[in-house]
Amino acid sequence: MDRLESMTILLAVVDAGSLSAAARHLGMPLANVSRKVAALEAHLNTRLLHRTTRQLSLTEAGHSYVAACRRILEEIGEAERIATGEYAVPKGELTITAPVMFGRLHIVPVVAAFLARYPDIEIKLVLTDRVLHLMDEQVDVAVRIGDLPDSSFVATRVGTVRRVVCASPGYLAAHGTPTAPGDLAAHACISFEVLESRRAWVFGTGKAAQSVPVHSRLAVNTVDAAIAAATLDAGVIRVLSYQVMDALRGDRLRIVLAPFEAAPLPVSLLHKGQAPLPLKLRAFLDFVTPLLRAVALDVSPARVGVPHTRRPAAPSNSRD
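Spelled out as structure tokens, the structure:
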């Protein structure tokens with residue numbers, strides 16, 4: 047039995063959620079996948095998977111064994127990268143993940159420029175608003191928006207974004223401009239359920255933070271839909287500043303309640319910090335970091351005509 051192959055197949059089954067999905071992903075007959083997993087369980091003399099007609103889950107032994115398999119295969123991959131010269135010249139594949147809209151607006155352009163500079167590097171770009179785990183899902187670099195939990199990962203701050211409240215000029219002309227968070231009770235609000243509660247928005251920071259009830263006449267599940275509705279005079283939205291930059295510059299939306307905003311959210315590049323750092327990863331970080339720092343992610347008040355004195359935090363490197 048080729049145990050490394052069996053480990054790889056087992057991880058594919060766990061990640062895909064079923065034997066049949068793993069077989070499709072691997073391009074193998076289902077019978078072969080099932081036989082390899084069964085042979086591995088027989089070799090270990092323990093059950094790794096609970097199988098039912100509807101779902102598949104790991105046993106307690108399976109959880110620990112799968113974690114070990116990931117470490118072993120990663121170490122083998124690292125040894126192969128060293129042997130093939132990946133640490134001598136920038137080459138190989140990088141997996142990058144970022145939030146959907148941020149990735150489309152800011153990561154896709156720098157990735158395109160990076161690929162033009164480094165023809166021996168291939169990139170798999172995963173745009174999702176779901177937080178992918180760097181270890182479990184084999185991600186090399188993740189763009190994170192928000193405060194990071196303590197961990198052994200390495201984070202490089204590349205900027206900040208504001209949480210802004212906006213409405214269209216037409217809506218404000220018809221319903222008035224809110225001058226304090228409490229005024230929102232009299233306004234129609236559009237909520238984006240992934241980002242905000244439908245019932246309350248939080249303003250301020252720390253002890254000064256206040257939760258303000260809002261009347262959510264429209265709830266949507268994508269930020270694009272929320273922004274589109276707001277530009278059509280449907281109500282007030284609260285989103286991240288970069289998401290409405292074009293609408294603000296075109297005067298299709300205007301920022302309100304700027305003095306009451308919470309502290310800006312950091313934007314960071316997160317990676318596992320392995321040593322030595324693969325040259326392909328170092329090349330990407332060195333290339334993309336200054337480009338992202340040059341982007342006005344915070345929506346400069348000077349450009350959108352909103353009085354605001356808060357400045358974004360200076361870029362810095364940190365371990366998170």
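When you number the sequence shown by our numbering, it's gap-free, plus one each residue, and the end is 366. We put the beta carbon where it would ideally sit given N, CA and C, even for glycine.
query: Cβ shell of residue 281 (< 8 Å), same chain only, five flanking positions each side left out; result: 213, 217, 233, 234, 235, 236, 263, 264 and 275
query: Residue 311 in three-state terms, based on DSSP; result: strand
query: Close Cβ partners of residue 273 (< 7 Å) along its chain, the five nearest in sequence each way excluded; result: 283, 285, 289, 290 and 293
query: Sequence ranges, alpha helix (DSSP H) only - wholly within the region 178-252, length at least 4; result: 215-221
query: 7 Å CB neighbourhood of residue 190 in its chain, flanking five on each side removed; result: 314 and 316
query: Coil, strand or helix - residue 345 by DSSP; result: Low confidence applies to residue 345: its pLDDT is 46, below 50, so where it sits in the model is not reliable, and the reading given next is rough at best. Correct three-state label for residue 345: coil.
query: Other residues of its chain near residue 174: CB distance less than 7 Å, five sequence neighbours each side excluded; result: 143 and 146
query: Through-space distance from residue 224 to residue 230, alpha-carbon basis; result: 7 Å
query: Integer Cβ distance of residue 68 from residue 55, believed to fall under 8 Å; result: 7 Å
query: Coarse secondary structure for residue 146, derived from DSSP in three states; result: helix
query: Inter-stretch contact (C-beta, 8 Å, three-pair minimum) for the region 185-200 and the region 325-337; result: yes
query: Per-residue burial, residue 153 [other beta carbons within 10 Å of its own, 16 or more giving buried]; result: buried
query: Residue 51 classed as buried or exposed, judged by whether at least 16 other C-beta atoms fall within 10 angstroms; result: exposed
query: Own chain residues within Cβ distance below 7 Å of residue 89, not counting five before or after; result: 47
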